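Numbering (the numbering used here), first residue to last: 32 to 379.
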């Protein structure tokens, strides 16, 4: 009997149906005008601004194919209502997520993942709802830095993926889907599809910030992200060395070309703090982050010193911001987060 099934069950199924042109599901687009479940049949009103019968026929076929697999639906009746004044929300927003921030760099080895983890931890410590997406396909390390193994707890439900939770954060990493020593040999189209699934098939719930840890460089993953979602901005991570600045400038140019706002620059390993005497030494030169910010016409968000504790925290599975909430590293990240929040407001 069709009456046994609930409207929410039908809606969940309909989220699997993508509009052929906008590539978003018809529920998110606001196309489901009404949904009535009777004793023997289910009536669905689909609203659309398009008179194109090819689009309507295609959508109807997808709806019937999808719902026919659901027990208790009964006879399916679909009616299309064309409203030329209707505008579909074709913005590429992630449901429930207020701000999506990409963390990028031009090269590896600058501590981009460490910055992502501790920046997210700083936001969570201040009471924000935070998610972290590890999109560094070739070297995913976020799971290790948080001390979680997704192969045990990762679950798929109704074709959706639910993130793991640790220390008040929601976390997803490509490392949760592959064996530890398995090489990633995906080409461009496969990378783009993987990124798309990660972005839209994860049930994040309500988040204030979603931080995305990008692979180093300016390749397929970065371009796919820029095309698939409306990033609220990007943060560039560099070290003070001139070679790091050259690569970071390329990353800045890439974000500018795809019209992603650059919210600022973080200089990692800005100086080394001696664990014995506390003396700070600029072992990697000085002022690199500010130079990159100036050349990119953006803000220098702040520098993060290098300490022995930073290195050990990366192995322990607990971000240093959580381990030492009043320490020099935590203070650095909280200052960076405050500056970042100010820059986000400027772009709103």
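Heads up, the beta-carbon is just placed ideally off N, CA and C, and yes, glycines get one too.
Just so you know, these numbers come straight off a predicted model, no measurement behind them.
Query - Among 75, 242 and 50, the one whose alpha carbon lies nearest that of residue 39 - result: Locating residue 39 in the chain shown gives position 8, counting from the first residue. It is 75.
**Report entry** Touch test, the region 126-146 against the region 84-98, Cβ-Cβ under 8 Å, three pairs minimum
**Finding:** no
Query raised in the report: Do residue 276 and residue 269 have their CB atoms nearer than 7 Å?
Result: Translated into the one-based positions of the chain shown, residue 276 becomes position 245. Translated into the one-based positions of the chain shown, residue 269 becomes position 238. In contact: residue 276 and residue 269 (Cβ atoms closer than 7 Å).
Query raised in the report: Got a sec? Which residues, its chain only, sit under 6 Å from residue 365 by beta carbon, not counting five neighbours each side?
Result: For the purposes of this step, residue 365 is identified with residue 334 of the chain shown, where counting begins at 1. Taken in chain order, the residues that qualify are 153.
Requested in this report: Go ahead and pull the three-state DSSP assignment for residue 245.
Outcome: Along the chain shown, read from residue 1 onward, the residue named residue 245 stands at position 214. Coil, per DSSP.
Report task. Please confirm whether residue 353 and residue 296 have their CB atoms less than 7 Å apart. Result -> Residue mapping note: residue 353 aligns to position 322 of the chain shown, counting from 1. Residue mapping note: residue 296 aligns to position 265 of the chain shown, counting from 1. The answer is no: Cβ separation not under 7 Å.
Query raised in the report: Cβ of residue 191 within 7 Å of Cβ of residue 165?
Result: What you label residue 191 is simply residue 160 of the chain shown in a count that begins at 1. What you label residue 165 is simply residue 134 of the chain shown in a count that begins at 1. It is not a contact, given that the beta carbons lie outside the stated cut-off.
Report task. Name the two residues that bound the continuous beta strand (DSSP E) containing residue 52. Result -> The count along the chain shown starts at 1 and reaches residue 52 at position 21. Counting along the chain, residue 52 falls outside any beta strand (DSSP E), and DSSP gives it neither H nor E.
**Report entry** Rounded C-alpha distance that separates residue 363 from residue 234
**Finding:** For this step, residue 363 is matched to residue 332 along the chain shown. For this step, residue 234 is matched to residue 203 along the chain shown. The alpha-carbon atoms of residue 363 and residue 234 are separated by roughly 31 Å.
Requested in this report: Enumerate in chain order the residues of its own chain whose CB-to-CB distance from residue 46 is below 6 Å, with the five nearest sequence positions on each side excluded.
Outcome: Numbered from its first residue, the chain shown carries residue 46 at position 15. Excluding residues within five positions, the ones whose Cβ falls inside 6 Å are 56 and 58.
Query raised in the report: For the ligand GTP, any of its heavy atoms closer than 6 Å to the Cβ of residue 201?
Result: You won't find the ligand GTP in this model; it holds no ligand whatsoever.
Report task. Could you tell me which residues DSSP pairs with residue 145 in its beta bridges? Result -> Position 114 of the chain shown, counting from 1, holds the residue named residue 145. Residue 145 is not bridged to any residue.
Query raised in the report: For residue 37, is the classification buried or exposed, using 16 other Cβ atoms within 10 angstroms of its Cβ as the cut-off for buried?
Result: Mapped onto the chain shown, residue 37 falls at position 6. Exposed, by the Cβ-count rule.
Query - First through last residue of the beta strand (DSSP E) which encompasses residue 383 - result: Look at the range of the chain in this structure, 32 to 379, and you will see that residue 383 is not part of it.
Requested in this report: Report yes if the CB atom of residue 247 is closer than 7 Å to the CB atom of residue 138, and no otherwise.
Outcome: Counting from one through the chain shown, the residue named residue 247 turns up at place 216. Counting from one through the chain shown, the residue named residue 138 turns up at place 107. Yes.
Requested in this report: Taking residue 144 as the reference, give the member of 172, 155 and 162 with the closest Cα.
Outcome: What you label residue 144 is simply residue 113 of the chain shown in a count that begins at 1. The residue with the shortest Cα to Cα distance from residue 144 is 172.
Query raised in the report: Just how far apart, CA to CA, sit residue 215 and residue 167?
Result: Within the chain shown, numbered from 1, the residue matching residue 215 stands at position 184. Within the chain shown, numbered from 1, the residue matching residue 167 stands at position 136. Confidence is the limiting factor: at residue 215 the pLDDT is only 49, short of 50, which leaves the residue's position unreliable, though a coordinate-based value still follows. Approximately 11 Å between the Cα atoms of the pair.
Query - residue 32 versus residue 193: straight-line alpha-carbon distance, rounded - result: Position 1 of the chain shown holds residue 32. Position 162 of the chain shown holds residue 193. Because the pLDDT of residue 32 is 42, which lies under 50, any placement of that residue in the model is unreliable, and the number read from its coordinates should be weighed accordingly. Taking the straight line from one Cα to the other gives about 31 Å.
Report task. Helix, strand or coil for residue 340, going by three-state DSSP, please let me know. Result -> Counting from 1 along the chain shown, the entry for residue 340 is found at position 309. Residue 340: helix per DSSP, three-state reduction.
Query raised in the report: Where does residue 367 land, buried or exposed, given buried means 16+ other C-beta within 10 angstroms?
Result: Reading the chain shown from its first residue, position 336 is the one you call residue 367. Burial call: buried.
Report task. Find the nearest neighbour of residue 62 within the set 100, 117 and 103, judged by alpha-carbon distance. Result -> Residue numbering aside, residue 62 sits at position 31 when the chain shown is read from its first letter. If we check each option's Cα against that of residue 62, 117 comes out closest.
Query raised in the report: When DSSP builds the beta bridges, which residues end up paired with residue 59?
Result: Here residue 59 refers to the residue found at position 28 when the chain shown is read from its first residue. Answer is none; residue 59 lacks a bridge partner.
**Report entry** Reference residue 347, options 373, 132 and 175, closest by Cα
**Finding:** Here residue 347 refers to the residue found at position 316 of the chain shown. Ranking the options by Cα distance to residue 347, first place goes to 175.
Query raised in the report: Does the distance from the CB of residue 335 to the CB of residue 299 come in under 7 Å?
Result: Against the chain shown, residue 335 aligns to sequence position 304. Against the chain shown, residue 299 aligns to sequence position 268. Yes, the Cβ-Cβ distance between residue 335 and residue 299 is below 7 Å.
Query - Cβ shell of residue 4 (< 7 Å), same chain only, five flanking positions each side left out - result: Lying outside 32 to 379, the shown extent of the chain, residue 4 is not represented and no answer is given.
Query raised in the report: Between residue 304 and residue 60, what straight-line distance do the alpha-carbon atoms span, to the nearest angstrom?
Result: The sequence position of residue 304 within the chain shown is 273, counting from 1. The sequence position of residue 60 within the chain shown is 29, counting from 1. The straight-line gap from Cα to Cα measures roughly 52 Å.
**Report entry** CB of residue 341 within 7 Å of CB of residue 134, strictly
**Finding:** Taking the first residue of the chain shown as 1, we reach residue 341 at position 310. Taking the first residue of the chain shown as 1, we reach residue 134 at position 103. Their beta carbons are not under 7 Å apart, which means residue 341 does not touch residue 134 by this criterion.
Report task. Rank 369, 360, 373 and 356 by C-alpha distance to the C-alpha of residue 156 and give the top, closest one. Result -> Here residue 156 corresponds to residue number 125 of the chain shown, with the count starting at 1. Closest option to residue 156, Cα to Cα, is 356.
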